[in-house]
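Take the sequence shown: its letters are residues 1484 to 1842, numbered as in our numbering.
Using N, Cα and C, we set each Cβ at its ideal position, and we do this for glycine too.
These notes concern the structure reproduced below.
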Amino acid sequence: MSTPPQTEHTADRARTITDASPLAAAADASSLFDTWRKIIATGNIPVRRRMDAVSRWLLITRACVFSMTLTSGLIGGLLAAATATHPRWDYFALALLGLVIAHASNNMINDYFDTTGGVDTEDHARALYAPHPLLSGLISKNGLRATIVACNLVDLAIGIVLLRARGWPIAAFALAGLFVSVFYVAPPLKLKHHGLGEPGVFLVWGPLMICGTYYVTAGTVPWWTWVASVPYAIAVTTVLIGKHIDKFEQDGARGIHTLPVLLGRTLSLRLNQALMIGFYVTVFALALSGLVGWGVLLVVAALPRLVEVLQAYSRPKPDLPPPGYRIWPLWFVALAFHHNRLAGGLFVLGLAVNALFGL
């Protein structure tokens, strides 16, 4: 989540910029891809850029965090590529598409229930660091509900195809993921409100996504894949813990007992540092044990960034955003995500090396 200049009010971020001149229209058209790229990078539309339909949906679905889901799916597929006798890449592609749609649905479900439940308001962090689908007027409540239903219907269709191809374990993976996705913020469970959101994210982005994708691709799910899912599950969990550290005061005031609220800010900062280090420990353990090939040790190239992030976690959050920082008041989540993208990407690259060279 890099940060283009200027922090604005939520409604201002979502505004549509129009210009009647043909030259300006041509310039707008040529800059669409750059706009989409920056939305995916920051979760915000660049200042004075036209709000086209694609930009709108990238913001509504929070596409800026889809990279974590794609990484989990790729890990499962690459593990299968290295070990499966007859991998089915058509099933893998369907599963990966289904995971991204499920993530989009999860993001919209969270925004819907946090708004209707009174958690997300104009002064809440969620409405300040990026356009909120409902509070910024990007979509109506009815429209958001309809989109959530549509996403789940598409995933249901994908699930039926994969269920017919691979059998009942598909239903088990899908239903477990759906349970965590819906009840993360939805009543009556509200897992996030009781310190269970972080374990839920570990479960979904690790064992469920990675092992589920492996099973879809290979038709089996050996025990070691569950172990191999742990490093990236840890990496994704650090992002959520970072976000909940950033929202520590607001969540505590609203009675939302996330893990940082339960543990306290200082202990949560130290926990996240330990988990980031734990990512490398578990990757090294996988390679040393022979469960995965040595290619995964490419993650050592992310160690300088780890050191940078660990040092930032040891310093107080600045009182004001640095120049050009776009997602204020978030801070620690951006640091965790900054590390996650590089470490996770190198882990995927290492698995690809294993698959290509038979390591």
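- Taking all protein chains in view, the Cβ of residue 1708 is crowded by 16 or more other Cβ atoms within 10 Å, so the residue is classified as buried.
- Residue 1821 carries a helical assignment under DSSP once its states are collapsed to helix, strand and coil.
- Taking residue 1729 as the centre and dropping the five residues before and after it, the same chain places the C-beta of 1813, 1814, 1815, 1816 closer than 6 Å to its C-beta, in chain order.
- The Cβ neighbour count for residue 1664, taken over all protein chains shown within 10 Å, is at least 16; the residue is labelled buried.
- Residue pairing for residue 1677: DSSP places it in a beta bridge opposite 1740.
- With respect to residue 1598, residue 1617 sits close: the two C-beta atoms are nearer than 8 Å.
- Sequence-distant partners of residue 1594 (beyond 5 residues in either direction) whose C-beta falls short of 6 Å from its own C-beta, in its chain, are 1616.
- In the three-state reduction of the DSSP assignment, residue 1535 falls in the coil class.
- In the structure shown, residue 1581 adopts helical secondary structure according to DSSP, grouped into three states.
- Taking the CA atoms as reference points, residue 1538 sits about 15 Å from residue 1548.
- Of all C-beta pairs linking the region 1690-1701 to the region 1555-1564, three or more are shorter than 8 Å, placing the two stretches in contact.
- Our two residues, residue 1792 and residue 1716, have alpha carbons roughly 18 Å apart in a direct line.
- At a Cβ-Cβ threshold of 8 Å, residue 1654 and residue 1646 count as neighbours.
- A residue is called buried when at least 16 other Cβ atoms come within 10 angstroms of its Cβ; residue 1666 meets this threshold and is buried.
- A residue is called buried once 16 or more other Cβ atoms fall within 10 Å of its Cβ, and residue 1771, having fewer, is exposed.
- If you draw a straight line from the Cα of residue 1704 to the Cα of residue 1673, it is about 30 Å long.
- Cβ-Cβ distances below 7 Å link residue 1718 to 1762, 1823, 1826, 1827 in the same chain, with the five nearest sequence neighbours on each side left out; the list follows chain order.
- Scanning 1522, 1518, 1692, 1609 for the CA closest to the CA of residue 1554 turns up 1692.
- Secondary structure remark: continuous alpha helix (DSSP H) runs of at least 4 residues inside the region 1762-1821, in chain order: 1786-1796.
- A residue is called buried once 16 or more other Cβ atoms fall within 10 Å of its Cβ, and residue 1841, having fewer, is exposed.
- The residue among 1830, 1735, 1543 with its C-alpha nearest the C-alpha of residue 1678 is 1735.
- Look at residue 1732 here: in three-state DSSP terms it is helix.
- In this structure, DSSP gives residue 1688 a helical state, which the three-state scheme calls helix.
- Around the beta carbon of residue 1638, 16 or more other beta carbons sit within 10 angstroms, so the residue counts as buried.
- Here DSSP, grouped into helix, strand and coil, assigns residue 1725 to helix.
- Around the beta carbon of residue 1516, a 10 Å sphere encloses fewer than 16 other beta carbons of the protein chains shown; the residue is thus reported as exposed.
- Residue 1625 holds the alpha-carbon nearest to the alpha-carbon of residue 1591 among 1567, 1625, 1683.
- When secondary structure is reduced to three states using DSSP, residue 1573 falls in the helix class.
- In the three-state reduction of the DSSP assignment, residue 1607 falls in the coil class.
- In the structure shown, residue 1695 falls within a helical segment according to DSSP collapsed to helix, strand and coil.
- Judged by DSSP secondary structure, residue 1529 falls outside any alpha helix (DSSP H); it is assigned neither H nor E.
- The C-beta of residue 1732 has fewer than 16 other C-beta atoms within 10 Å across all chains shown, which makes the residue exposed.
- About 11 Å separates the beta carbon of residue 1724 from that of residue 1745, a gap too long to meet the 8 Å contact definition.
- In this structure, residue 1781 places its C-beta atom within 8 Å of the C-beta atom of residue 1832.
- In the structure shown, residue 1545 falls within a coil segment according to DSSP collapsed to helix, strand and coil.
- For residue 1556 and residue 1690, the gap between their C-alpha atoms comes out near 11 Å.
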